[in-house]
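> Below is one structure. I have some questions about it.
2 protein chains.
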Amino acid sequence: MTQKNRSLTLRDVSEASGVSEMTVSRVLRNRGDVSAATRDKVLTAAKELGYVPNKIAGALASQRVNLVAVIIPSLSNMVFPEVLSGISQILEDTELQPVVGVTDYLPEKEEKVLYEMLSWRPSGVIIAGLEHTEASRAMLQASGIPVVEIMDTDGDPVDAMVGISHRRAGREMAAAILKAGYKKIAFLGTKMPLDHRARKRFEGFTEVLAKSGVEVVDREFYSGGSALAKGREMTEAVLDRSPDVDFIYYSNDMIGAGGLLYLLEKGIDVPGQIGLAGFNGVELLQGLPRQLATMDACRREIGIKAAEIIAARVNDVEKDSQVTLAPTISFGDTLRDA
Amino acid sequence: MTQKNRSLTLRDVSEASGVSEMTVSRVLRNRGDVSAATRDKVLTAAKELGYVPNKIAGALASQRVNLVAVIIPSLSNMVFPEVLSGISQILEDTELQPVVGVTDYLPEKEEKVLYEMLSWRPSGVIIAGLEHTEASRAMLQASGIPVVEIMDTDGDPVDAMVGISHRRAGREMAAAILKAGYKKIAFLGTKMPLDHRARKRFEGFTEVLAKSGVEVVDREFYSGGSALAKGREMTEAVLDRSPDVDFIYYSNDMIGAGGLLYLLEKGIDVPGQIGLAGFNGVELLQGLPRQLATMDACRREIGIKAAEIIAARVNDVEKDSQVTLAPTISFGDTLRDA
DNA sequence: CGCGCAACTGATCGCGGTAACATCCTTCAG
DNA sequence: CTGAAGGATGTTACCGCGATCAGTTGCGCG
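Chain order of the listed sequences is R and F.
Position 40, counted from 1, in the first sequence is what this note's numbering calls 40; the numbers after and before it change by one each time, with no gaps.
If you want this note's numbering, it's the position in the second sequence, counting the first as 1, plus 1000.
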């Protein structure tokens, strides 16, 4: 209520409470010895004025910024908010705070976002993926702060790395599908150049199929739009084109769910006539008529581990910095369990 | 590659390029006149060193921080990422940058997050809802920066406000349901004290029903878990308890979708025997066997308008600062269109 | 030929804090 | 009674940058 337009400073509080700025600073940060009496005086004055410390000045003076940059491709993907929640959970017990940047899967935007973030001198960086522009890698390298690359472990990290092997995830799914006796396998996914992890899953997938002399009989890619609807459309398109398909592997659960709903509506026997599998294990989809076969991507766990590494490093503790989690396959009701 | 551990400053670049720090600063910010020759020298040196400007120092010196605090309850709700995307879209064309804080629907956490954000002296605040703690309102008030409260317009804003009237949304849905001839209406929603907007929709909803002498015959609330599965469970529970229900109003589309899937499985005639409606109009759900009746919450639009207000205010342009958008009902396939 | 102006560059100061050190009291053991 | 130890506070010197103002140069023009 008592506000001109110049924002308050320590000096205002110090004048209001009759002590030096330094003492106010000490009180507000709970640092050093301050008598109970002055502490109260200061606290009261600060509250009365509605003083909010200026972290900009504080950070500059102390050379410490308790922010962790978290750089992810998208927020609407469901996957990343879960990673974030793992990160937040851990950081909540520290003085660190996550700050999120979104790249829309664009390397140049990633570079821009990273630059922007680094210019705030965060205490650490958590960044999705191992593929970055030359410049981005250089910045990360040069930043001198802990960097954790997450989600994926198929490649060389700049520093630390936490994730799963998407190639292996693809391989395992392929193996499970073959073991269950499916032969005419189709793949439906996102446009790939953008999404390295989906690409790697596909590579692992085809690799194992190839070893058994099997080839993907059909494939279709989408971008944009409602994933559920796209899954439906693409499934229809594929069945139209290749009626003898007996398995469809989707690059994510959402389009898989669309496909599942479509097939059930058509009265097709799942998993008898056609088997299905997705990827991610999104909790959101529990509640479908059938449980889609999928593979958990350990999203929360990845966030947790990554945050732990950063938190440890910030306190100069070394932590195991190459963590490969093992995704587990869940057969659900759409993949015959061999 | 050439990195000890002390981070680079303007001085390093200035020494490397043989000009003053001030000139380097000008080049890097594209401000003032600098000859092409020196500009190149500086840019080269900066790139070679991998210099990233320190915004902390810059912000302190210039008293300008190009951040907009965006405070929302949750990221996993689907609704908020969409608002965010509207905000980003607008801010991308300015020098402003959104920074997101999440409150988990907890007023105390909101207060903490707000405090934290304000301590970075952002240029503006976009915050979900009109209900805040006393202290939060005071902080917003005292901050002296533009504040836009979003999503909801049933109440008094601290400053600007963009959203829809959730009471009205509830009223309109109730009217449509009554008009279609449904009489035995149940409500399924989230635990309410946390979510004021859901509460207001419910209030508006019952208000209109009451005017026609109709009362909600059953209700059920949930929290946590997979919304789809919860919708399924709750719907089952309600039908068990009140078999004569002929309409179910869900507080969000996700649980509505769960209910829809459940009813279809049970072979119940929708919307003949039982009608359904949700809220939000989430694009994600296109692709369900039937299109759920719903009401668009104008999420993207809200983000856009809010960001526009902030952007205008930052440039000292006044903008219409109380925007009430009109949600439109979409009958889909689960509500008889009277 | 010198003045005025534009184009460019540099020096100084201070943004709002904090680290580190200095100072002033107490208190209490010897 | 003295001095060491330590608690409570103040003083000083930056942190890295940008606003401001003060040069410096070159050039057109009267």
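Glycine is no exception: its CB is placed at the ideal position from the N, C-alpha and C atoms.
Every value quoted in this text rests on a predicted model; they were computed, and no experiment measured them.
(1) Identify the continuous alpha helix (DSSP H) that holds Arg-167/R and give its terminal residues.
(2) For Asp-1152/F, which residues does DSSP report across the bridge?
(3) Any idea which residues DSSP pairs Val-1147/F with across the strands?
(4) Using DSSP with H/G/I as helix, E/B as strand and the rest coil, what is Val-1282/F?
(5) Between which two residues does the alpha helix (DSSP H) harbouring Thr-1235/F extend?
(6) Using the Cα positions of Leu-75/R and Asn-252/R, report the straight-line distance between them to the nearest angstrom.
(7) Could you give the first and the last residue of the continuous beta strand (DSSP E) run that contains Leu-188/R?
(8) Any beta-carbon of chain F closer than 8 Å to the one on Glu-111/R?
(9) Along chain F, in chain order, which residues have C-beta atoms closer than 8 Å to that of Ser-76/R?
(10) Quick check: the Cα distance between Ala-135/R and Gln-141/R, rounded to an integer number of angstroms?
(11) By the 10 Å Cβ neighbour count, where 16 or more other Cβ atoms means buried, how is Val-282/R classified, buried or exposed?
(12) Is Val-1219/F helix, strand or coil by DSSP?
(13) Using a cut-off of 8 Å between C-beta atoms, extract the partners of Ala-1227/F located in chain R.
(14) Could you compute how far the alpha carbon of Thr-334/R sits from the alpha carbon of Lys-211/R?
(15) Can you give me the Cβ contacts of Ser-1123/F inside the same chain, cut-off strictly under 8 Å, excluding the 5 residues immediately before and after it?
(16) Which stretch, first to last residue, makes up the alpha helix (DSSP H) that contains Val-27/R?
(17) Does Phe-1247/F come out as helix, strand or coil in the three-state DSSP assignment?
(18) For a minimum of 3 consecutive residues, which ranges assigned as the beta strand (DSSP E) are wholly contained in the stretch 269–317 of chain R?
(19) Given a limit of 7 Å on CB to CB distance, which residues of the stretch 1243–1266 of chain F reach chain R?
(20) Determine the extent of the alpha helix (DSSP H) in which Gln-1097/F is found, giving its start and end residues.
(21) Quick check on the burial criterion: 16 or more other C-beta atoms within 10 angstroms. Buried or exposed for Lys-1041/F?
(22) Going by DSSP, what residue range makes up the beta strand (DSSP E) through Leu-359/R?
(23) Does any CB atom of chain R fall closer than 8 Å to the CB of Lys-1191/F?
(24) Run the CB neighbour count on Ala-326/R, radius 10 Å, all protein chains shown included, and call it buried at 16 or more, exposed below.
(25) Using CA coordinates, which residue listed in Arg-1336/F, Arg-1300/F and Lys-1305/F is at the minimum distance from Val-1079/F?
(26) Is there a Cβ of chain R sitting closer than 8 Å to that of Asn-1054/F, yes or no?
(27) Which residues bound the beta strand (DSSP E) around Val-1070/F?
(28) Listing by chain order, which chain R residues have their CB less than 8 Å from the CB of Gln-1097/F?
(29) When you compare the stretch 1041–1060 of chain F with the stretch 1287–1303 of chain F, are there three or more beta-carbon pairs, one atom per stretch, that lie closer than 8 Å?
(30) Taking the alpha-carbon positions, what's the Met-1001/F to Ser-88/R distance?
(31) Can you check which of these residues, Gln-1273/F, Gly-1204/F, Val-1270/F and Ala-1198/F, is closest to Phe-1279/F by C-alpha distance?
(32) Does Leu-1292/F have its Cβ less than 8 Å from a Cβ in chain R?
(33) Beta-carbon of Ala-1307/F versus every beta-carbon of chain R: anything under 8 Å?
(34) Can you list, in chain order, the residues of its chain whose CB lies under 6 Å from that of Glu-116/R, leaving out five sequence neighbours each side?
(35) For Val-245/R, I'd like the list of residues in its chain whose CB is within less than 8 Å of its CB, leaving aside the five on either flank, ordered along the chain.
(36) Please compile the residues from chain F whose C-beta is within a distance smaller than 9 Å of the C-beta of Met-139/R.
According to the structure data:
(1) Taking the first sequence and counting its residues from 1, the one referred to as residue 167/R is at position 167. Counting along the chain, the alpha helix (DSSP H) containing Arg-167/R begins and ends at 166–179.
(2) As a working mapping, residue 1152/F is identified with position 152 in the second sequence. Answer is Ile-1164/F, bridged to Asp-1152/F.
(3) Walking along the second sequence from the start, residue 1147/F turns up at place 147. Note: Val-1147/F sits in a beta bridge opposite Val-1125/F.
(4) Your numbering for residue 1282/F matches position 282 in the second sequence. DSSP places Val-1282/F in coil when its eight states are reduced to three.
(5) Along the second sequence, one-based indexing puts residue 1235/F at 235. Its alpha helix (DSSP H) spans residues 1227–1241.
(6) The residue you call residue 75/R lines up with position 75 of the first sequence. The residue you call residue 252/R lines up with position 252 of the first sequence. Their backbone Cα atoms lie some 15 Å apart in a straight line.
(7) Along the first sequence, one-based indexing puts residue 188/R at 188. 185–190 is the extent of the beta strand (DSSP E) around Leu-188/R.
(8) Looking up residue 111/R in the first sequence gives position 111. No, Glu-111/R does not count as interfacial toward chain F.
(9) Residue mapping note: residue 76/R aligns to position 76 of the first sequence, counting from 1. Met-1078, Pro-1081, Glu-1082 and Ser-1085, listed in chain order.
(10) As a working mapping, residue 135/R is identified with position 135 in the first sequence. As a working mapping, residue 141/R is identified with position 141 in the first sequence. In a straight line, the C-alpha of Ala-135/R is about 10 Å away from that of Gln-141/R.
(11) As a first step, residue 282/R is located in the first sequence; it is residue number 282 there, counting from the start. Flag for Val-282/R reads buried.
(12) Position 219 of the second sequence, counted from the first residue, corresponds to residue 1219/F. One point to set straight first is that residue 1219/F is Arg, not Val, in the sequence displayed. If DSSP states are grouped into helix, strand and coil, Arg-1219/F belongs with the strands.
(13) Working through the second sequence from its first residue, we reach residue 1227/F at position 227. By Cβ distance, chain R contributes Leu-284 and Gly-287.
(14) Mapped onto the first sequence, residue 334/R falls at position 334. Mapped onto the first sequence, residue 211/R falls at position 211. Rounded to whole angstroms, Thr-334/R to Lys-211/R spans 24 Å at the Cα level.
(15) Counting from 1 along the second sequence, the entry for residue 1123/F is found at position 123. Arg-1064, Val-1065, Asn-1066, Leu-1067, Val-1068, Leu-1096, Ile-1145, Pro-1146, Ile-1310 and Val-1314, listed in sequence order.
(16) Walking along the first sequence from the start, residue 27/R turns up at place 27. Here the alpha helix (DSSP H) through Val-27/R covers 21–29.
(17) Locating residue 1247/F in the second sequence gives position 247, where the first residue counts as 1. Strand, per DSSP.
(18) 275–277
(19) Gly-1258, Leu-1261 and Glu-1265
(20) Within the second sequence, numbered from 1, the residue matching residue 1097/F stands at position 97. Counting along the chain, Gln-1097/F falls outside any alpha helix (DSSP H), though it belongs to the beta strand (DSSP E) covering 1097–1102.
(21) Walking along the second sequence from the start, residue 1041/F turns up at place 41. Answer is buried; the Cβ neighbour count reaches 16.
(22) Beyond the ends of chain R as shown, which are 1 and 338, falls residue 359/R; an answer cannot be given.
(23) If you number the second sequence from 1, residue 1191/F lands on position 191. Judged by the 8 Å Cβ criterion, Lys-1191/F is not in contact with chain R.
(24) Within the first sequence, numbered from 1, the residue matching residue 326/R stands at position 326. It is exposed - the Cβ of Ala-326/R has fewer than 16 other Cβ atoms within 10 Å.
(25) On the second sequence, position 79 is the one that residue 1079/F refers to. With distances taken between Cα atoms, Val-1079/F lies closest to Arg-1300/F.
(26) Along the second sequence, read from residue 1 onward, the residue named residue 1054/F stands at position 54. Closer than 8 Å: yes.
(27) As a working note, residue 1070/F is residue 70 in the second sequence. Looking at the DSSP string, the run of the beta strand (DSSP E) that includes Val-1070/F is 1067–1072.
(28) Here the question's residue 1097/F lines up with position 97 in the second sequence. Residues of chain R passing the Cβ test: Glu-116.
(29) no
(30) Counted from its first residue, the second sequence places residue 1001/F at position 1. Counted from its first residue, the first sequence places residue 88/R at position 88. Any reading at Met-1001/F is ruled out, since the residue's pLDDT is 41, under 50, leaving its predicted position unreliable.
(31) Translated into positions along the second sequence, residue 1279/F becomes position 279. The option with the nearest alpha carbon to Phe-1279/F is Ala-1198/F.
(32) Taking the second sequence and counting its residues from 1, one reaches residue 1292/F at position 292. By this cut-off, Leu-1292/F is not an interface position.
(33) For this step, residue 1307/F is matched to residue 307 along the second sequence. Closer than 8 Å: no.
(34) Within the first sequence, numbered from 1, the residue matching residue 116/R stands at position 116. Once the five neighbours on either side are set aside, Glu-116/R has no close Cβ partner at all.
(35) Counting from one through the first sequence, the residue named residue 245/R turns up at place 245. Lys-184, Ile-185, Ala-186, Val-217, Asp-218, Val-238, Leu-239 and Ile-274.
(36) Within the first sequence, numbered from 1, the residue matching residue 139/R stands at position 139. Per Cβ cutoff of 9 Å: Gly-1050 and Val-1052.
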